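Under the UniProt record's numbering, residues 1 to 212 are what the sequence shown spells out, in order.
Every residue gets a Cβ at the ideal spot worked out from N, C-alpha and C, and that includes glycine.
Given the structure is predicted, the values throughout are model-derived calculations rather than measurements.
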Amino acid sequence: MARKSYVKFASYFVIIHILFFSIVVNTLYFRYLSFVIVGVGFFELLYVFYVNQRKYILFYLFSCLIYCVLALGMFFFSVLSKEIILFAFLILSIFDSFSQITGQIWGKTKPFPAISPNKTVGGMVGGGVIAMGSSLLLNNLYSASFFQTILLAFGIVVFALVGDLAASFYKRKFHVKDYNHIIPGHGGFLDRFDSLIVGGAWVGFFFYVFSF
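Structure representation (structure tokens):
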């Protein structure tokens, strides 16, 4: 168990730093990584569908349609300024990290035991509050009003959670634990990057709409 936790943490540490430096050094690198993440995620949806004898075809097609919309949002996100991408990435990372920490400390009630048994109310609320509070400290990364910062951060938290639950629901529908085992300790790309894809899509559409 200890070795498994170490492998999971080591993988997370490497992934977070690769993404972070791809943003800081040159956002073009992050754009390339986004294409890889979204592309591999699409094939994971297809893989899970096929290994389960192509059941629930309408559900699969609907999921692919939603995923295509999210992919478009991720493209919008990946072409934003370095400051906005970094802000969103930090909020996502803070929410993800502190959801686990506060969930271990205060997490008792599990609102989605059939879909995501590790999710707790304490973890979601704790991670969300800390992420929202952090957004006020990080809003100097880009020029934005208090209202815009709060709205953007709230959307990131909500859509990151929705992405996590949606990815888990898709797996449960096809009776698999992980999308694959390509990332040690985490599973597949959709197991690790579900929140980034959906949260990033929210940010991409947010600024696409507000740019008009």
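Query - Cα-Cα separation, H151 to Q53 - result: Checking the sequence shown, residue 151 turns out to be Leu, not His. Going from the Cα of L151 to the Cα of Q53 covers about 42 Å.
Requested in this report: Could you tell me the boundaries of the alpha helix (DSSP H) in which T27 lies?
Outcome: Taken as a continuous stretch (DSSP letters only), the alpha helix (DSSP H) holding T27 covers T27 to V51.
Query raised in the report: Sorted by chain position, which residues of the same chain lie with C-beta nearer than 8 Å to D96's C-beta, five sequence neighbours on each side aside?
Result: Closer than 8 Å at Cβ, skipping near neighbours: G127, A160 and S195.
Query raised in the report: Do the region 136-154 and the region 102-112 make contact, defined as three or more Cβ pairs closer than 8 Å?
Result: Note that the region 136-154 does not touch the region 102-112; fewer than 3 beta-carbon pairs, one per stretch, sit closer than 8 Å.
Requested in this report: Consult DSSP for G133 and reduce its assignment to one of helix, strand or coil.
Outcome: When secondary structure is reduced to three states using DSSP, G133 falls in the helix class.
Query - Segment limits, alpha helix (DSSP H) that includes K171 - result: Start and end: F146 to K173.
Query - Pair within 8 Å by beta-carbon distance, I84 and F207 - result: By the CB criterion at 8 Å, I84 and F207 fall inside the cutoff.
Query raised in the report: With distances taken between CB atoms, is the gap from F20 to G200 smaller than 8 Å?
Result: Not in contact: F20 and G200 (Cβ atoms no closer than 8 Å).
**Report entry** Straight-line gap, G123 to H175 (C-alpha atoms, nearest Å)
**Finding:** Cα to Cα, the separation comes out at about 25 Å.
Query raised in the report: Would you report the Cα separation of K55 and L190, rounded to the nearest angstrom?
Result: Note on geometry: alpha-carbon atoms of K55 and L190 lie some 20 Å from one another.
Query raised in the report: Should I197 be labelled buried (16 or more other beta-carbon atoms within 10 Å of its own) or exposed?
Result: Burial of I197 is indicated by the presence of at least 16 other C-beta atoms within 10 angstroms of its C-beta.
**Report entry** Status (buried if at least 16 other CB within 10 Å, exposed otherwise) for G73
**Finding:** Within a 10 Å sphere around the beta-carbon of G73 sit 16 or more other beta-carbons, which makes this residue buried.
**Report entry** Cβ-based neighbour list, residue 214, same chain, cut-off 7 Å, excluding 5 preceding and 5 following
**Finding:** Since the first residue shown for the chain is 1 and the last is 212, residue 214 is missing from the structure and cannot be characterised.
Query - Assigned secondary structure, G187 (DSSP; H/G/I helix, E/B strand, else coil) - result: DSSP places G187 in strand when its eight states are reduced to three.
Query raised in the report: If you draw a straight line from the alpha carbon of L28 to that of V40, how long is it in whole angstroms?
Result: One C-alpha to the other measures close to 18 Å.
Query - Pair within 8 Å by beta-carbon distance, S63 and Y170 - result: Closer than 8 Å, so yes.
Query raised in the report: Would DSSP call residue 213 helix, strand or coil?
Result: Coverage of the chain is limited to positions 1 through 212, which leaves residue 213 absent and any answer about it impossible.
Report task. Determine the DSSP secondary structure at G107, reduced to helix, strand or coil. Result -> DSSP, reduced to helix, strand and coil, places G107 outside both helices and strands of the structure shown, so it counts as coil.
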